[in-house]
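Q:
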Amino acid sequence: MGKIAIYPGSFDPITYGHIDIIERATKVFDKVVVAVAYDSGKDSLFSVEERKSFIEKVDWPKGANIEVDAFQGLLVEYVLKKKGNVVVRGLRALSDFEYEFQMALINRKLSEKVETMFLMAGENFSYLSSRTMKEIISLGGSAEAFVPKHVEEALRKKLRK
Ligand code: COA
Numbered sequence: 277m278g279k280i281a282i283y284p285g286s287f288d289p290i291t292y293g294h295i296d297i298i299e300r301a302t303k304v305f306d307k308v309v310v311a312v313a314y315d316s317g318k319d320s321l322f323s324v325e326e327r328k329s330f331i332e333k334v335d336w337p338k339g340a341n342i343e344v345d346a347f348q349g350l351l352v353e354y355v356l357k358k359k360g361n362v363v364v365r366g367l368r369a370l371s372d373f374e375y376e377f378q379m380a381l382i383n384r385k386l387s388e389k390v391e392t393m394f395l396m397a398g399e400n401f402s403y404l405s406s407r408t409m410k411e412i413i414s415l416g417g418s419a420e421a422f423v424p425k426h427v428e429e430a431l432r433k434k435l436r437k
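Going by this note's numbering, the first residue of the sequence shown is number 277, and it counts up by one from there.
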């Protein structure tokens with residue numbers, strides 16, 4: 277059976293930074309499951325269904341084996357249920373490290389069967405975050421360089437009423 281990577285996150289909304297990580301993960305793993313979390317500990321702007329549909333509408337490279345899904349509860353349990361081998365996370369800067377390190381260790385304690393692997397975010401995307409996208413749009417700016425068109429439109433609709 278092929279190697280399955282789970283890429284979890286809140287994706288509220290997906291940015292080119294996440295897309296870069298997903299595309300690079302597809303080159304390493306046979307399948308990448310992008311898993312939108314119900315329980316990310318944050319209030320979200322978009323519903324899980326909206327966040328999933330933004331990811332599904334991305335113009336993914338031909339042949340890329342990507343599944344978009346949502347999960348509730350503990351990540352490690354979801355990974356085992358999906359018969360995943362690895363959790364993939366992107367590292368943008370040193371500031372991500374402490375949080376990611378803690379999360380990887382907790383997940384390993386919860387299940388020794390689940391490994392976490394980190395991919396370095398591309399240098400063009402290392403400063404992106406979903407929060408800053410919301411801020412740019414709500415202040416009237418353009419996020420064209422940071423998120424796909426359909427995501428920018430959805431942000432505009434939601435934030436500029
Ligand atoms: N490019 C651009 N932005 C990125 C990025 C990248 N490569 N990687 C992360 N980000 C941004 C996200 O957009 C997000 O921005 P925001 O805070 O402004 O919204 C932020 O960095 C971090 O978010 P994300 O990577 O989506 O992780 P998260 O912290 O939202 O999600 C979960 C973490 C969902 C994986 C975690 O909460 C989880 O596993 N929950 C399930 C419950 C569980 O098992 N808990 C125990 C494990 S600790």
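The beta-carbon is built from N, C-alpha and C at its ideal position, and this holds for glycine as well.
Treat the numbers as computed from the prediction; the structure is a model and nothing was measured.
(1) Do residue 364 and residue 297 have their beta-carbon atoms positioned less than 8 Å apart in this structure?
(2) Assuming residue 307 and residue 343 are in contact, meaning their beta carbons sit under 8 Å apart, how far apart are those beta carbons, in whole angstroms?
(3) What does DSSP give as the partner residues of residue 307 in its beta bridges?
(4) When every heavy atom of the ligand COA is checked, does at least one fall within less than 7 Å of the C-beta of residue 400?
(5) Confirm, please, whether the CB-CB distance from residue 431 to residue 337 is below 8 Å.
(6) Within 10 angstroms of its Cβ, does residue 354 collect 16 or more other Cβ (buried), or is it exposed?
(7) Does the beta carbon of residue 371 fall short of 7 Å from some heavy atom of the ligand COA?
(8) Just verifying my parser: in three-state terms, what is the DSSP assignment at residue 346?
(9) Measuring CA to CA, which of 423, 367, 357, 410 is closest to residue 311?
(10) How would you call residue 331, buried or exposed, if buried means at least 16 neighbouring beta carbons within 10 angstroms?
(11) What are the uninterrupted segments assigned as alpha helix (DSSP H) that are 4 or more residues long and contained completely in the segment 340-408, given in chain order?
(12) Examine the Cβ distances between the segment 379-392 and the segment 401-417 and report whether three or more of them are shorter than 8 Å.
(13) Shorter than 8 Å from the beta carbon of residue 425 to some beta carbon of chain D?
A: Taking the coordinates as given:
(1) Stepping through the sequence shown from its first residue, residue 297 is reached at position 21. Stepping through the sequence shown from its first residue, residue 364 is reached at position 88. Going by C-beta atoms, residue 297 is nearer than 8 Å to residue 364.
(2) The residue given as residue 307 occupies position 31 in the sequence shown. The residue given as residue 343 occupies position 67 in the sequence shown. Residue 307 to residue 343, Cβ: 7 Å. Contact.
(3) Taking the sequence shown and counting its residues from 1, the one referred to as residue 307 is at position 31. The partner list for residue 307 (beta bridge, DSSP) reads 280.
(4) Here residue 400 refers to the residue found at position 124 of the sequence shown. Answer for residue 400: no, Cβ out of range of the ligand COA.
(5) Stepping through the sequence shown from its first residue, residue 337 is reached at position 61. Stepping through the sequence shown from its first residue, residue 431 is reached at position 155. No; because the gap between Cβ atoms is not below 8 Å, this pair is not in contact.
(6) If you number the sequence shown from 1, residue 354 lands on position 78. Buried, by the Cβ-count rule.
(7) Position 95 of the sequence shown, counted from the first residue, corresponds to residue 371. No, since every heavy atom of the ligand COA falls outside the 7 Å radius drawn around the Cβ of residue 371.
(8) Sequence index remark: in the sequence shown, residue 346 carries index 70 (1-based). In the structure shown, residue 346 sits in a strand (DSSP, three-state: E or B).
(9) Counting from one through the sequence shown, the residue named residue 311 turns up at place 35. Taking only the C-alpha atoms, the option nearest residue 311 is 357.
(10) Here residue 331 refers to the residue found at position 55 of the sequence shown. Looking at its Cβ environment, which holds 16 or more other Cβ atoms inside 10 Å, residue 331 is buried.
(11) 351-357, 370-386
(12) No: fewer than three Cβ pairs fall under 8 Å.
(13) Structure shown: chain D not included; a single protein chain is present.
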